[in-house]
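Student: Submitted below is the structure of interest, expressed as structure tokens.
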Amino acid sequence: MSAQWFEHSGDHADIALSTRVRLARNIEGIPFPGRQNKEQAVKAADLLSAPILENKVTASRFTRKEMASLSDTERASLVERHLVSPYFATPAPGGVLLLSSDNGIAIMLNEEDHMRLQVLGTGLCPEACMETAVRLDNMIDEGLTSHGAKYAFSEKLGYLTRCPTNLGTGLRVSVMLHLPLLAAGGQMTALANSAGKLGIAVRGIYGEGTKEHGNLFQISNQSSLGTTEQEQIAKVREVVSGLIERERQARKMALETAPNALEDKVFRAAGLLTSARKMSASEALALLSDYRLGVSLGLIQADIAVLNSLQSQMMPATLSLAVGRTLPAAERDIFRAELIRRVLPKP
Amino acid sequence: MLCEHCGKNPATHFYSQNINGQEQSLYLCSECASKHGSLFGFLDPLSPLSSLFASFPEFTPLIDSHTASAPAETVCPECGATAADIAKTGQVGCARCYQIFSNLLAPYLAKLYGKAVHTGRKPLSYKPSQPPVNSHNSVNEEINRLLRLQAEAIRQERFEDAARIRDEINRLRQDKGGNTL
Ligand SMILES: [Zn+2]
Ligand SMILES: [Zn+2]
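From first to last, the protein sequence lines stand for chains A and B.
Under the working numbering, the first residue of the first sequence carries the number 261, and numbering increases by one thereafter.
Under the working numbering, the first residue of the second sequence carries the number 2, and numbering increases by one thereafter.
Put into structure tokens, the structure is as follows:
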């Protein structure tokens, strides 16, 4: 198995788990998914995958997966690893995934649009992800031209999409942030509101559910029409940097005012994670949040990349795939605990 | 605070978005939140917030098919969509729909984007609707645009494209020479 995209650590990787860039594209003259027949869907998928699969360099890096030919568990695992949307996991005509060998590029064909090109990276790296996305976008664009097809585009509205909210650049930049101190301090609602005023959406689970979902928040641009790709990326980076800065300040403050409480929390989580014999996904997520905090503060020596890969490896379907059979929940918790003990260093 | 959808349970999930000054927020209880899929689905970077808002009708920005000046019986020749289809789903059927139903979509697009127009990237083969053949400045602009494309092609080692773009640049330069002399 080749190296995976998350086995690297990028800028601010201790707080920014991942960055994703997504471009929405459609082909002119073929109805969008939802109004196309099977033949048209297959044609769209073939036209869009040809440029990748006909080029020697990219062909060796990508696998074409027909969504309908995958098992339920395989599809669920793709969702858990955020490579495809839950919507795409229900097989539709012409539903094809082009997946790079490091799982860092996932191109969904016939999802909401003919193409959703996604590039993932570790840490805060929207510019690098965009560069890769543009290279592939140009390659596909040219491939379409050589097959007598072209992207649906209008001078005023930009790239034409099935949902008018994605018009313009068709770009969505999103960064997944781990913000345990801001969440615990009850600051996220206010911060999300001010981000909203800048046209940036903050999505997350506030209040009771926060901890069980690992204190994770998704920051992304809302509008993709009227500004350039660079401007959209810069805005997301600005808000994300601000949130990271605030989270770091809150951590510093907590270390100064109540170091024992913080250390206790981190080492309790580490103790449970590295010794428990049964562990549910939500318990693991909550504990991994504390463990990650400990690594970020230098209290625990561990590779952040290990935490990143554990985050998806421990999910139900992905765990079942690794074990090689569908696991009932109780058995899953045992395998999960075992996996965690194997990969996480004891503090 | 109570869930804005059912009004019964305490709200534990909060979402906010702001599109060109238009703010929307959504406070939901776990039960209503899970209607949209798993709780995890909410963090899913792949499902756009717009679809989340759309799954709760009271927050859907409605496309009003009555105020539209497109006759109700208009059908898109490309995909067969009608004004009612678009109003119901908030989604268009194909690229052509944006022309056929431009009157229907105009107020909705204005609400989303105001007077903004696209300023980002364009398809490589895209030619503006009114090619700037007569104006000296526009020819220069077009040459500059092609020079940038050429540089990009060279950087990406797409030498055949670079050569094709070079020929196009030479052609434009010759035309320009002919016009001015
Ligand atoms: Zn409710
Ligand atoms: Zn149409």
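Each residue gets a CB set at the ideal place from its N, CA and C atoms; glycine is no exception.
Between I424/A and ligand 2, is the CB less than 8 Å from at least one heavy atom?
Tutor: Locating residue 424/A in the first sequence gives position 164, where the first residue counts as 1. Sequence inspection shows Pro at residue 424/A; the Ile mentioned does not correspond to that position. Outside the cutoff, so no.
Student: When you compare the CB of A412/A with every CB in chain B, is at least one pair closer than 9 Å?
Tutor: As a position in the first sequence, residue 412/A is number 152, starting the count at 1. At least one chain B Cβ lies under 9 Å of A412/A.
Student: Just to confirm my understanding: we take E340/A, look at its own chain, exclude 5 residues before and 5 after, and list those with CB closer than 7 Å. What are they?
Tutor: Counting from 1 along the first sequence, the entry for residue 340/A is found at position 80. Closer than 7 Å at Cβ, skipping near neighbours: S572, M575, A577, T578.
Student: Taking C-alpha atoms, which residue in V566/A, L384/A, A352/A, V394/A lies nearest to D271/A?
Tutor: Translated into the one-based positions of the first sequence, residue 271/A becomes position 11. Closest by alpha carbon: L384/A.
Student: Measuring only the C-alpha atoms, how far is P607/A from I275/A?
Tutor: As a first step, residue 607/A is located in the first sequence; it is residue number 347 there, counting from the start. As a first step, residue 275/A is located in the first sequence; it is residue number 15 there, counting from the start. Looking at the two C-alpha atoms, the distance is approximately 20 Å.
Student: For F292/A and G464/A, I'd like the C-alpha separation in whole angstroms.
Tutor: Translated into the one-based positions of the first sequence, residue 292/A becomes position 32. Translated into the one-based positions of the first sequence, residue 464/A becomes position 204. Going by the C-alpha atoms only, they are around 30 Å apart.
Student: Going by CA-CA distance only, name the one from A444/A, A461/A, G445/A, G446/A that's closest to A452/A.
Tutor: On the first sequence, residue 452/A is found 192 positions in, with the first residue counted as 1. Out of A444/A, A461/A, G445/A, G446/A, A461/A has the C-alpha closest to the C-alpha of A452/A.
Student: Check whether the region 331 to 340 of chain A and the region 576 to 595 of chain A are in contact - that is, three or more C-beta pairs closer than 8 Å.
Tutor: Touching, per the Cβ criterion.
Student: Taking only runs of the alpha helix (DSSP H) that begin and end inside the region 84 to 162 of chain B, which ones reach a length of at least 4 residues, in chain order?
Tutor: 84 to 90, 98 to 101, 103 to 114, 137 to 156
Student: Any heavy atom of ligand 2 closer than 8 Å to the Cβ of A412/A?
Tutor: Position 152 of the first sequence holds residue 412/A. Every heavy atom of ligand 2 is 8 Å or more from the Cβ of A412/A, so no.
Student: Please decide whether I275/A counts as near chain B, where near means a Cβ-Cβ distance under 9 Å.
Tutor: By 1-based counting over the first sequence, the position of residue 275/A is 15. Taking Cβ atoms only, chain B never reaches closer than 9 Å to I275/A, which makes this a no.
Student: Give me the chain B residues within the contact set of E314/A, using Cβ-Cβ distance strictly less than 8 Å, ordered along the chain.
Tutor: Taking the first sequence and counting its residues from 1, the one referred to as residue 314/A is at position 54. In chain order: nothing, as chain B lies at least about 14 Å away.
Student: DSSP three-state label for I275/A, please.
Tutor: Counting from 1 along the first sequence, the entry for residue 275/A is found at position 15. Reduced to three states, the DSSP call for I275/A is coil.
Student: Just mark V317/A as buried or exposed, buried being the case when its beta carbon has 16 or more other beta carbons within 10 Å.
Tutor: By one-based count along the first sequence, residue 317/A stands at place 57. Answer is exposed; the Cβ neighbour count stays below 16.
Student: Since F477/A is in the beta strand (DSSP E), which residue starts that stretch and which ends it?
Tutor: Numbered from 1 along the first sequence, position 217 holds the residue referred to as residue 477/A. 476 to 481 is the extent of the beta strand (DSSP E) around F477/A.
Student: Can K416/A and L458/A be called in contact, C-beta distance under 9 Å?
Tutor: Taking the first sequence and counting its residues from 1, the one referred to as residue 416/A is at position 156. Taking the first sequence and counting its residues from 1, the one referred to as residue 458/A is at position 198. Cβ distance not < 9 Å, so K416/A and L458/A don't count as in contact.
Student: Using 9 Å as the limit for Cβ to Cβ distance, is T75/B near chain A?
Tutor: For this step, residue 75/B is matched to residue 74 along the second sequence. Not one chain A Cβ lies under 9 Å of T75/B.
Student: Cβ of R167/B less than 9 Å from any chain A Cβ?
Tutor: Taking the first residue of the second sequence as position 1, residue 167/B is located at position 166. Interface residue (Cβ-Cβ distance to chain A less than 9 Å): R167/B is not classified as such.
Student: If you compare alpha carbons, which of L503/A, E489/A, S434/A, T586/A is closest to R280/A?
Tutor: By 1-based counting over the first sequence, the position of residue 280/A is 20. Checking every option, the nearest Cα to that of R280/A belongs to S434/A.
Student: Locate the alpha helix (DSSP H) running through S556/A, then write down its first and last residues.
Tutor: What you label residue 556/A is simply residue 296 of the first sequence in a count that begins at 1. Residues 541 to 556.
Student: Bridge partners of V280/A, per DSSP?
Tutor: Locating residue 280/A in the first sequence gives position 20, counting from the first residue. Before going on, a small fix: residue 280/A reads as Arg here, not Val. In the DSSP secondary-structure assignment, R280/A is bridged to L380/A, S434/A.
Student: Please list the terminal residues of the continuous alpha helix (DSSP H) segment that includes L338/A.
Tutor: Start at 1 with the first residue of the first sequence, and residue 338/A comes out as number 78. Residues 332 to 340.
Student: Based on the DSSP output, what are the partners of V76/B in its beta bridges?
Tutor: Position 75 of the second sequence, counted from the first residue, corresponds to residue 76/B. Bridge partners of V76/B: T83/B.
Student: Against chain A, with Cβ distances strictly below 9 Å, would G8/B count as a contact?
Tutor: To locate residue 8/B, count along the second sequence from 1; it is residue 7. No, no contact with chain A.
Student: My output table needs one value for E326/A: the three-state DSSP class, helix, strand or coil.
Tutor: To locate residue 326/A, count along the first sequence from 1; it is residue 66. Of the three classes helix, strand and coil, the one that applies to E326/A here is strand, per DSSP.
Student: Run through DSSP, which three-state label would S454/A get?
Tutor: On the first sequence, residue 454/A is found 194 positions in, with the first residue counted as 1. Here S454/A sits in helix by DSSP.
Student: Should G81/B be listed as close to ligand 2, given that the test is whether its C-beta is under 8 Å from any heavy atom?
Tutor: Residue numbering aside, residue 81/B sits at position 80 when the second sequence is read from its first letter. At least one heavy atom of ligand 2 sits closer than 8 Å to the Cβ of G81/B.
Student: From the DSSP output, in three-state form, read off S360/A for me.
Tutor: Locating residue 360/A in the first sequence gives position 100, where the first residue counts as 1. Three-state result, S360/A: strand.
Student: From the DSSP output, read off the bridge partner residues of I460/A.
Tutor: For the purposes of this step, residue 460/A is taken as residue 200 along the first sequence, with counting starting at 1. According to DSSP, which records beta bridges pairwise, I460/A is partnered with N481/A.
Student: Determine, using beta carbons only, whether A589/A comes closer than 9 Å to chain B.
Tutor: Along the first sequence, one-based indexing puts residue 589/A at 329. No, because no Cβ of chain B sits closer than 9 Å to the Cβ of A589/A.
Student: Among A349/A, S345/A, A263/A, which has the Cα closest to the Cα of R321/A?
Tutor: Counted from its first residue, the first sequence places residue 321/A at position 61. Answer by Cα proximity: A263/A.
Student: Looking at C-alpha atoms only, which residue of C389/A, N363/A, E391/A, S345/A is the closest neighbour of M375/A?
Tutor: As a working note, residue 375/A is residue 115 in the first sequence. Closest by alpha carbon: S345/A.
Student: Given this structure, state the Cα-to-Cα distance separating K128/B from C80/B, to the nearest angstrom.
Tutor: The count along the second sequence starts at 1 and reaches residue 128/B at position 127. The count along the second sequence starts at 1 and reaches residue 80/B at position 79. Taking the straight line joining both Cα atoms gives about 25 Å.
Student: So with CB distances below 9 Å, who are the chain B contacts of F292/A?
Tutor: Walking along the first sequence from the start, residue 292/A turns up at place 32. In chain order, C80, Q92, V93, G94, C95, A96, C98 make up the part of chain B whose C-beta sits under 9 Å from the C-beta of F292/A.
Student: Counting contacts by CB-CB distance shorter than 9 Å, is P440/A in contact with chain B?
Tutor: Position 180 of the first sequence, counted from the start, is the residue given in the question as residue 440/A. Chain B, which has no Cβ nearer than 9 Å to the Cβ of P440/A, makes this no.
Student: Would you say Q175/B reaches chain A, if we count a Cβ-Cβ gap shorter than 9 Å as a contact?
Tutor: Residue numbering aside, residue 175/B sits at position 174 when the second sequence is read from its first letter. No, Q175/B lies away from the interface with chain A (no Cβ there is under 9 Å from its Cβ).
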